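If you want this note's numbering, it's the 1-based position in the sequence shown plus 149.
Each residue gets a CB set at the ideal place from its N, CA and C atoms; glycine is no exception.
What you are looking at is a predicted structure, and each value in this text was computed from that prediction instead of being measured.
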Amino acid sequence: MNARSYFSVSGYMKAQNSSVDLVSLTNALPGAVYQLELTESGDWHFHFVSEGIESIYGCTVSDLQKNTCVLKDIIVADDYEAVVSSLLESAKYKIPWNKEYRVVRNGQTHWVYGHAVTEKQPNGSTIWKGQLLDITERKQLELTVKRHQRNLELAERVANLGHWKLNLNTGKSVWSDTVYELYGLEKSKTDPGLDIVMEKTHPQDRKAVTDAIEAAKKSGVRDVEHRIIRSDDTVRWLRESGIYQLDENGDEIIFGTVQDITDYKEMELKLRSTGGEDEHTGFYNRRMMLRALQRRFSFYKAHPEYPYFLLALKVTNDSKTLARAAEIVRANIRDYDTPGHLGNGLITVLLSTLSRPENNSSLRRVITELSDAGIESHCMLEEAKNTDSRFDDILTRALP
């Protein structure tokens with residue numbers, strides 16, 4: 150963290166009016182429990198760290214007290230700035246913090262997973278309350294699986310995901326047990342395949358599912374959110390992400406994951422109805438668009454071989470111009486592209502295809518039609534880069 154940053158660790162915490170010793174309790178938990186504060190002036194303080202920190206960082210609470218820069222020496226240099234940036238991003242957007250990174254302990258490299266809830270304080274400071282876990286064994290297994298079984302890559306990376314493999318030539322699939330559970334189907338009575346997926350998919354969402362498959366053939370990536378109707382008539386939202394490739398026999402294969410996002414989707418739809426949708430364009434507002442960029446950036450960091458494109462255009466910030474510009478943009482993008490209005494006349498579109506020629510074609514059509522409508526604009530097409538460290542780096546490059 151910067152030159153003025155420092156860590157102060159209090160090594161004792163008492164439970165008031167209780168027979169429960171909270172210090173003993175936290176010390177008994179796996180890994181290390183902590184409370185970290187970032188003050189408004191930019192200083193960092195650990196208000197509490199459990200004794201488990203020695204199993205994570207190879208140092209004692211006393212070590213942290215004596216050497217304010219010890220964490221910079223422990224966390225692998227290539228990961229240190231990313232850890233700090235992720236914390237600052239968590240503070241800026243008031244979102245939970247999650248990060249996997251490497252540390253050097255007793256001369257060996259270990260993987261650590263940190264997570265925390267983020268709380269903004271009345272005095273302007275931010276407090277994280279969370280836990281650090283050694284995930285070295287799991288990470289090594291994950292890397293092995295990534296090398297040898299790509300169809301499990303996404304499922305091993307994130308907990309509670311089902312994974313699947315779809316052969317587009319035959320329509321047949323291979324599902325993990327979780328997929329059967331998500332669809333509410335019995336494994337012994339189900340022949341997994343595209344037919345059963347389409348049967349269970351909500352009628353209004355079937356086109357989105359087939360469109361996503363066609364998009365995967367062009368771009369290499371399949372990403373779709375859709376509803377299913379289970380046998381008990383309950384409706385659930387699923388998010389499916391996949392990677393398209395040809396196998397050794399030349400068959401078209403999509404490897405992917407599926408996750409139940411019903412709670413998240415219901416919250417998102419509620420946000421749209423209470424301010425999540427921009428009133429001038431009908432697109433995502435700033436908050437929702439930034440969330441969409443965050444999700445796509447996370448996928449890209451896991452799969453840098455599949456970059457993405459962002460179309461950005463700036464027009465006069467008045468309601469009539471914005472409404473007309475939005476009509477033109479909507480008419481020249483795909484149904485599964487994600488448009489948003491970030492404010493001040495800045496419209497962005499997260500494009501679903503990885504084809505630069507196709508995206509350039511969309512850009513040219515938008516520019517031409519805006520000009521024909523008498524709307525002055527500044528338009529840019531930007532591609533994600535492997536040097537991007539933050540989800541909004543692509544946005545910064547695209548800004549006029």
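If you draw a straight line from the Cα of Leu548 to the Cα of Thr188, it comes to about 30 angstroms.
For Asn272, the closest of Asp340, Gly191 and Arg388 by C-alpha to C-alpha distance is Gly191. One thing to note: Ile224 has its Cβ within 8 angstroms of the Cβ of Val252. Around the CB of Ser239, 16 or more other CB atoms lie within 10 Å, so the residue is classed as buried.
For the pair Arg539 and Leu499, the CB atoms are not nearer than the 8 angstroms cut-off. In the structure shown, Asp372 falls within a strand segment according to DSSP collapsed to helix, strand and coil. Rounded to the nearest angstrom, the gap between the Cα atoms of Asp382 and Gly263 is 39 angstroms. For Glu532, no alpha helix (DSSP H) run applies; the uninterrupted beta strand (DSSP E) run containing it begins and ends at His527 to Glu532, by DSSP. Spanning the alpha carbons of Trp193 and Lys278 requires a straight line of approximately 14 angstroms. Below 8 angstroms, enough C-beta pairs join the segment 375-389 and the segment 346-359 to call them touching: three or more. Take Leu387, set aside five residues on each side of it, and the residues of its chain with a beta-carbon closer than 8 angstroms to its own are Leu331, Glu374, His375, Arg376, Ile377, Val407, Gln408, Asp409 and Ile410, in chain order. Leu491 is positioned such that its CB atom lies closer than 8 angstroms to that of Arg435. CA-CA distance, Asp227 to Ser199, rounds to 26 angstroms. By the Cβ criterion, the segment 450-459 is not in contact with the segment 469-483, since fewer than three pairs of Cβ atoms, one from each stretch, lie closer than 8 angstroms. Counting other Cβ atoms within 10 Å of its Cβ, Gly256 stays below 16 and is therefore classed as exposed. Thr188 carries a coil assignment under DSSP once its states are collapsed to helix, strand and coil. Taking every protein chain shown into account, the CB of Pro179 has fewer than 16 other CB atoms within 10 angstroms, so this residue is exposed.
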